[in-house]
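Residue numbers (the working numbering): 14 to 91. From the three backbone atoms N, C-alpha and C, an ideal C-beta is built for every residue, glycine too. Note that the coordinates shown come from a computational prediction; the quantities given were computed from them, not determined experimentally.
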């Protein structure tokens, strides 16, 4: 399951008042390997559904991962 689909499936389950599937939870556990847009989407989803953060300190971990992406951006002048 792709990270984008994982977040969407979690949101859909919450809107329908059902429990997210085991596949969704397993995919969420791999968030440390996600790319920047997916991590931003996960952080945005947590604003509406805070229980998407399933482990303690997840927001801080995501902040550190996003900071690593920002370090890779090389400023340039034309």
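Review point. So the alpha helix (DSSP H) residue 27 belongs to, where does it begin and stop?
Key: 16 to 28
Check your understanding: What three-state label does DSSP hand residue 31 in the structure shown?
Key -> coil
Check your understanding: Hey, is the region 47 to 54 in contact with the region 14 to 29, meaning 3+ C-beta pairs nearer than 8 angstroms?
Key -> With the cut-off at 8 angstroms, the region 47 to 54 and the region 14 to 29 touch.
**Study point:** Distance between residue 28 and residue 22 (C-alpha atoms, nearest Å)
**Key:** 10 angstroms
Check your understanding: How should residue 76 be labelled, buried or exposed, when 16 other C-beta atoms within 10 angstroms of its C-beta is the threshold for buried?
Key -> exposed
Point to revise | Inter-residue spacing [alpha-carbon to alpha-carbon] between residue 37 and residue 86 | key: Whole-angstrom Cα-Cα distance: 31 angstroms.
Exercise for review: Assign residue 33 to buried or exposed, taking buried as 16 or more other Cβ atoms, counted over all protein chains shown, within 10 Å of its Cβ.
Suggested key: buried
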